[in-house]
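Peer 1:
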Ligand SMILES: [Zn+2]
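In UniProt numbering, the protein residues as written are 1 to 195.
1. Which term fits residue 153, buried or exposed, when burial requires 16 or more other beta carbons within 10 angstroms of its beta carbon?
2. Out of 65, 174 and 99, state which residue places its alpha-carbon closest to the alpha-carbon of residue 197.
3. Which one or two residues does DSSP pair with residue 129 in a beta bridge?
4. Under a three-way DSSP split, which group does residue 161 fall into?
5. Please tell me whether, using a cut-off of 8 Å, the distance from the CB of residue 75 to the nearest non-hydrogen atom of ligand 1 is below it.
6. Using a threshold of 8 Å, is the CB atom of residue 169 nearer than that to any non-hydrogen atom of ligand 1?
7. Is residue 64 near ligand 1 - that is, is its Cβ less than 8 Å away from at least one heavy atom of it?
8. Ordered along the chain, which non-local residues of its own chain (more than five positions away) have a Cβ less than 6 Å from that of residue 102?
9. Quick one: measure Cβ to Cβ for residue 158 and residue 61, integer angstroms, because I've assumed they're closer than 8 Å.
10. Less than 8 Å between the CB of residue 131 and some heavy atom of ligand 1, yes or no?
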């Protein structure tokens, strides 16, 4: 098993879920045409978990992290860099999902691309529009209008939640940092911010 991918997967997951990640392990990392795909072992809970309030379903979080990492590591021995103009790139690559250009920085590029691919698999309804996709208080806000199926709303809510575990500058595992502007940053970018 690729130890760097394994460590990164657990980093995103535990940051996103806190205690809700308890018991979840990486069962395998499958090589696919879409990139290395983390396969999780998610034990069934015997009683409702007491993790973060309002957290989305943990299996959905784990699945989105796996999709995001496949894109981040696709065809590469190390994480791919995020495109400098992610806000334009996402609109160009997924025009049915992101009907407008975005207002996000580049760090959430693979997260947003993974969510878009998940949404496309479920089918985008006629008349779907994005109002706004932006950062607020360190995490993603993704507003849509038109008839929005439950599965799409779930994917959007999950992406918003996972953004709090992804550096908004570079896409590495990160956490929400307070003090001045509230931002989600990896250790390296948090250090740079302090200096
Ligand atoms: Zn970073």
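Even glycine gets a Cβ: it sits at the ideal position worked out from N, Cα and C.
Peer 2: Quick answer:
1. Taking the chain shown and counting its residues from 1, one reaches residue 153 at position 153. Looking at its Cβ environment, which holds fewer than 16 other Cβ atoms inside 10 Å, residue 153 is exposed.
2. Beyond the ends of the chain as shown, which are 1 and 195, falls residue 197; an answer cannot be given.
3. Translated into positions along the chain shown, residue 129 becomes position 129. For residue 129, which the question treats as bridged, DSSP gives the partners 145.
4. The sequence position of residue 161 within the chain shown is 161, counting from 1. Residue 161 carries a helical assignment under DSSP once its states are collapsed to helix, strand and coil.
5. For this step, residue 75 is matched to residue 75 along the chain shown. False, no ligand heavy atom lies under 8 Å from that Cβ.
6. Here the question's residue 169 lines up with position 169 in the chain shown. Answer for residue 169: yes, Cβ within range of ligand 1.
7. Locating residue 64 in the chain shown gives position 64, where the first residue counts as 1. Flag unset: Cβ of residue 64 not near ligand 1.
8. For the purposes of this step, residue 102 is taken as residue 102 along the chain shown, with counting starting at 1. So the qualifying residues of the chain are 87, 90 and 133.
9. Mapped onto the chain shown, residue 158 falls at position 158. Mapped onto the chain shown, residue 61 falls at position 61. Sure, about 6 Å apart at Cβ, within 8 Å.
10. For this step, residue 131 is matched to residue 131 along the chain shown. Because no heavy atom of ligand 1 lies under 8 Å away, the Cβ of residue 131 does not count as near it: no.
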